[in-house]
Structure formats: structure tokens, C-alpha cells
Amino acid sequence: MCAVSSPNSQYVVAKFGGTSVADFDAMNNCADIILADTNVRVIVLSASAGVTNLLVALAAGCESDKRENYLKQIRDIQYAIIDRLNEADVIREEIDRLLENIEMLSEAASLATSEALTDELVSHGEVMSTLLFVELLRQRNMGAEWFDIRRIMRTNDNFGRAEPNILQIHTLTMEHLHPRLNDTIVITQGFIGREEKGRTTTLGRGGSDYTAALLGEALGLQRVDIWTDVPGIYTTDPRIVPTAKRINKIAFDEAAEMATFGAKILHPATLLPAVRCGIPVFVGSSKEPQAGGTVVCDKTGNPPLFRALALRRKQTLLTLHSLKMLHARGFLAEVFTLLSRHNISVDLITTSEVSIALTLDTKGSTSTNGNLLTNALLTELSKLCRVEVEEDMALVAIIGNELSRAKGLGKGIFGVLEPFNIRMISCGASSHNVCLLVPGNDAEQVIQTLHQSLFEE
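First residue of the sequence shown: 1, per full-length UniProt numbering; consecutive thereafter.
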């Protein structure tokens, strides 16, 4: 739901990721960026790099020696920032109080963990980073106000992957956040929210991007800036292919496909609010703000056939065999009803007369067990059919335009991939992607081979 036109529509929401607020110097870089653009009025922060992983480990439950080690690492990350602040006694007390909460919750998790407890524990990372950043800005004589995002970010109770309530968020944002923008810079948390009973929820890993876009939509802002450790969106991950090229301008549809299929530069849901309201999204590096970046917008002129390659690891291939499918109705409906009951989201699907193959994404959740295929689910599936599970697969997505209408596409892609085992192919459902499922240990070489063929030759 787009906000009505307001006098604050010239303002910008800026999100800074974990590496951008990793330490004191990184936070100072963020402050420089804010100072350089007076239109930036809403700041959304992730937890400092490494903190969320440590909190997730604590939430999973662990022995006292490991728990103390994880707590010490978190404390060291936060204290390294505090020790470089002037007049830090007050903020040190606040961080100590939060560290005590983390210790208490982690002790509870060692006895019995839950998804709700995990979200409550993990949320402390964003709370600490925003408190520290507000103090840093104030010491640089910048007017800044700390704001608890849970006052407005209403979600359902699907802990670990909570879904925002767009209408409630819009109403509460206009009531509690909108009036502040003319007077101060608002610093708030990404990734976290609150369900109707008041319990803390999380939007899934990478959800800080989503938070920023939701606020941009609710406030009707001019732009959403995503500051990370890479100066823009590239034709593929430069860590896999050093010759990857930056894309200066990319359409929403293309970027959404990249995000959905594993490009880490954006959270998959980030673009949904931006698309709804036509708000441009800028992606740049907080370490090199002068290097420019990528603008994600509604349309680009003369889009190429091939735009980029995306990689999503840790995929599970679930193959279901049953003669009940042969010339019968209702089997697929029964399978998907069962999966839905267990909160399983299916990515790709192929079928034959007597079998169905599905891919499941095992990444992206703060689940304490990290296992989507529970014994209960497998037991229910086994009553319907014979089940095969293949893990550690990787999904390679070729992102482009009008791919479903392009001639010679198969030869151009599969000809160079002859040396590899392609376990599953999905093509035709979207004009913006062709997806290949390959063994996880082949993934990087497949990306390198495709990039050389499609983007370098």
C-alpha cells in the first residue's frame, strides 16, 4: 500500500548492512554518507557483522563453555565500538543490560529452545547496533533519535520468517514515525518485528533490506538506499568470477529474479514494496561510496538477452514416486496440502507420469534445527509415496529478458555445460530466468563456465 503524497516525499531511507556497521571505523563511514546527503532521514541497521551468527548459535542451545565463548565474542565486538566513543558510560550500561538479557535467554535455550525464543534472542543484535550508532552520531553533533521498529513493524507469528502486515505497518508508520522526519534523523532496526501478542519476530536472514523498503513504501519516500560491502549489482558474484561486471541500471523484474535465486546483494522480498510504489532502489558500498553503484528502477532501455547469473546453495531435491499419479487426479493437491501444513515452500517443480521432483531452499531461516524435512513430514509423505532426498545441491539461475522466446537458447547454455551433471532444468515458466539444479561441488565451475560463454565471449 503506497503512502499518499507527503511533504516528506523528498526524503530517503538508507539501510546499512552488517559489514557496514561492523566496527567503529565502519560506522563512521556510514555517518559520512549520511552527512553528505541531507535527504537521508531514516536509517535502518543490521546487527554488527558476526553478531547474528553468534546469537543464532546461542539460540540453538549449547554447553556452558561454548555459551561463554559466544557471549565473549559478542561482548568483544560491542565493546570495541564503545571503547572508542567519548563519554560512553551511559551507552555501556545499556549494552551491558542487553548482554545480560542475551546470557539469560541463551541459558534458557540450553534447556529448551523454540522459534519464539530464537527470534527474541537474535533481535538483540540490531538493538545493540542501533543504540551504538545513535551515540556515535550524537558525538558527531548530528541530531539522531533511536526508534524501536517493533512499534510499527507488525507481523504474523511465523517466527523466523514472519510476514509483515502491510496495512498495519502503513497506519502505525504514519502515526509514529512520519511526524519525526522533519526534526531529526531516525535510527531503527532492520530484520525484526512484533506479532499481535507482543512477541518479537524476525523477517528471515537479510530482512533488513525488506524493512527499509517497507518503510520507504509506507512513508512515500523518494528512494531506498542499500549500503553494503559491494559497489552495486554485478553480472555474478565477483568472488566467484573476478571479471564480473557491474550493472549500472537494472529493471525491477531482473533484480527481483536475481534476489530470489540467491544474489546476496538484495533480500528477495526487498523489491516488492519498491515495485508496488515505483520507488528506485540504489545499491552501493559504504566502504567506497564515491565508486557509485546500481540503480534498480521500473524499466531500462534495450535490456540484454542475458543480464546476470545467480547462485543459491544448500538446496534439497525431493523426489516423490507413486503409481497413484498415473492417469489419476488429486495426488499433487494432496502433496502440496501436506507440505503447506508443514510450512514448506517449494521453489522448482518437474513432473512425470509417476513421479514429481521438488526443490526446497534450506537457507534463509533462523530455524534452530535448520532442517525443513522433519521426521513427521517424511513419515506423512511415505504414506503417500516413495520418497528420495538429495541434499547439498545448488541452484544456478540464468537471468535475462524474453528468454522463453529466444531461439537457440538451449544450445547456447547446455552446449558449454556438457561436462557437468545437470540434475534438473526449469525453463518456460518465466521469461526472465532459466534454472539449473547441479551438485553443490560443481556450482562455482558451472557459474564460471556460463559467465565466460554468455558475458565474456
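Glycine included, C-beta positions come from ideal geometry on N, C-alpha and C. All values reported here derive from a predicted model rather than from experimental measurement.
Exercise for the section: Label Asp76 either buried or exposed according to how many other C-beta atoms from any shown protein chain fall within 10 Å of its C-beta, with 16 as the threshold for buried. Expected result: Around the Cβ of Asp76, a 10 Å sphere holds fewer than 16 other Cβ atoms; the residue is exposed.
Handout entry: Exposure of Leu403, with buried meaning 16 or more beta-carbon neighbours within 10 Å
Key = Leu403 comes out buried.
Practice task
Going by CA-CA distance only, name the one from Ile279, Leu348, Val42 and Leu181 that's closest to Thr260.
Solution key: Comparing Cα positions, the closest option is Leu348.
Handout entry: Where the beta strand (DSSP E) containing Gln189 begins and where it ends
Key = The continuous beta strand (DSSP E) containing Gln189 extends over residues Ile185 to Gln189.
Handout entry: Where Cys277 falls: helix, strand or coil (DSSP)
Key = Reduced to three states, the DSSP call for Cys277 is helix.
Handout entry: Distance between beta carbons of Val122 and Thr202, contact taken as under 8 Å
Key = So it is a contact: roughly 6 Å between Cβ atoms.
Exercise for the section: Tell me where the beta strand (DSSP E) around Cys30 begins and ends. Expected result: Unbroken run through Cys30 is the alpha helix (DSSP H), Phe24 to Ala36; no beta strand (DSSP E).
Handout entry: Inter-residue Cα distance where the pair is Leu105 and Ala116
Key = A direct Cα-Cα distance of roughly 11 Å separates Leu105 from Ala116.
Problem - Sufficient close CB pairs (3 or more, under 8 Å) joining the stretch 340–359 to the stretch 312–322 - result: Cβ pair count under 8 Å is three or more, so yes.
Practice task
Flag this pair as yes or no: are the beta carbons of Ala47 and Glu126 separated by less than 8 Å?
Solution key: Yes; because the gap between Cβ atoms is below 8 Å, this pair is in contact.
Exercise for the section: State yes or no: is the C-beta of Asp148 nearer than 7 Å to some heavy atom of the ligand MG? Expected result: Absent from the structure shown: the ligand MG. Ligands present: none.
Exercise for the section: Between the Cα of Lys324 and those of Leu54, Gly232 and Leu384, spot the shortest distance and give me the residue it belongs to. Expected result: Comparing Cα positions, the closest option is Leu384.
Problem - Neighbour-count burial assignment, Thr366, 16 or more Cβ in a 10 Å radius - result: Confidence at Thr366 is low in this model, with a pLDDT of 42, below 50, so its placement is unreliable and no value can be given for it.
Practice task
Decide if the stretch 183–191 is in contact with the stretch 202–218; the criterion is three or more beta carbon pairs, one per stretch, under 8 Å apart.
Solution key: Because the criterion of three Cβ pairs below 8 Å is met, the stretch 183–191 and the stretch 202–218 touch.
Problem - Own chain, CB closer than 6 Å to Gln452, minus 5 neighbours either side, in chain order - result: Here the set comprises nothing.
Practice task
In angstroms with no decimal places, state the Cα-to-Cα distance between Arg276 and Cys297.
Solution key: For Arg276 and Cys297, the distance between alpha carbons rounds to 12 Å.
Exercise for the section: Could you say if the stretch 108–115 and the stretch 169–189 meet the contact criterion of at least three C-beta pairs nearer than 8 Å? Expected result: Contact annotation: the stretch 108–115 does not touch the stretch 169–189, with fewer than three C-beta pairs closer than 8 Å.
Problem - Whole-angstrom distance between Ile344 and Glu334, CA atom to CA atom - result: The alpha-carbon atoms of Glu334 and Ile344 are separated by roughly 14 Å.
Exercise for the section: Return the first residue and the last residue of the beta strand (DSSP E) that Arg180 is part of. Expected result: Careful: Arg180 lies outside any beta strand (DSSP E) and carries neither H nor E.
Problem - Own chain, CB closer than 7 Å to Ala88, minus 5 neighbours either side, in chain order - result: Excluding five sequence positions before and after Ala88, the CB atoms of its chain that fall closer than 7 Å to its own CB belong to Ile82, given in chain order.
Problem - Local conformation of Ser129 per DSSP, three classes - result: Helix at Ser129.
Exercise for the section: Sort out for me which residues DSSP pairs Glu388 with in a bridge. Expected result: DSSP, once it has assigned bridges, lists Thr319 as partnering Glu388.
Practice task
Would you mind stating whether Val56 and Ile74 have Cβ atoms separated by less than 8 Å?
Solution key: For Val56 and Ile74, no; Cβs fall outside 8 Å.
Exercise for the section: Determine the closest residue to Ile187 out of Asn69, Val40, Pro238 and Ala213, with distance taken between C-alpha atoms. Expected result: Ranking the options by Cα distance to Ile187, first place goes to Val40.
Practice task
Let me know the secondary structure DSSP gives residue 458 once reduced to three states.
Solution key: There is simply no residue 458 to check, as the chain begins at 1 and stops at 457 in what is shown.
Problem - Meets three-Cβ-pair contact criterion under 8 Å: the stretch 219–228 and the stretch 387–405 - result: Inter-segment contact for the stretch 219–228 and the stretch 387–405 is absent: fewer than three beta-carbon pairs are separated by less than 8 Å.
Exercise for the section: Check Ile226 in the structure and name its three-state DSSP category. Expected result: Residue state, collapsed to three classes: strand.
Problem - When Gly284, Pro439, Gln290 and Glu288 are compared against Ala14, the one with the closest alpha-carbon - result: Residue nearest to Ala14 within the set Gly284, Pro439, Gln290 and Glu288 is Gly284 (criterion: CA-CA distance).
Problem - Residue range of the unbroken alpha helix (DSSP H) whose run includes Asn441 - result: In the DSSP annotation of this structure, Asn441 is not part of any alpha helix (DSSP H), being labelled neither H nor E.
Exercise for the section: Please confirm whether Leu98 and Ala31 have their CB atoms less than 8 Å apart. Expected result: In this structure, the beta-carbon distance from Leu98 to Ala31 does not fall below 8 Å.
Problem - Cβ separation of Pro304 and Gly400, assumed to be a contact under 8 Å, to the nearest whole Å - result: Gly400 and Pro304 do touch by the CB rule: their CB atoms are close to 7 Å apart, below 8 Å.
Handout entry: Which listed residue (Val241, Val134, Thr228 and Glu195) has its alpha carbon closest to that of Lys287
Key = Selection Val241, Val134, Thr228 and Glu195 evaluated against Lys287 yields Thr228 as nearest (Cα-Cα).
Problem - Val446 - DSSP class collapsed to helix/strand/coil - result: It is helical.
Exercise for the section: Tell me whether Met174 sits in a helix, a strand or coil according to DSSP, three-state version. Expected result: In the displayed model, Met174 falls within a helix according to three-state DSSP.
Exercise for the section: Return yes when the Cβ of Arg423 is within less than 8 Å of the Cβ of Leu409, no when it is not. Expected result: No, they are not a contact pair.
Handout entry: Rounded C-alpha distance that separates Val389 from Leu309
Key = CA-CA distance, Val389 to Leu309, rounds to 26 Å.
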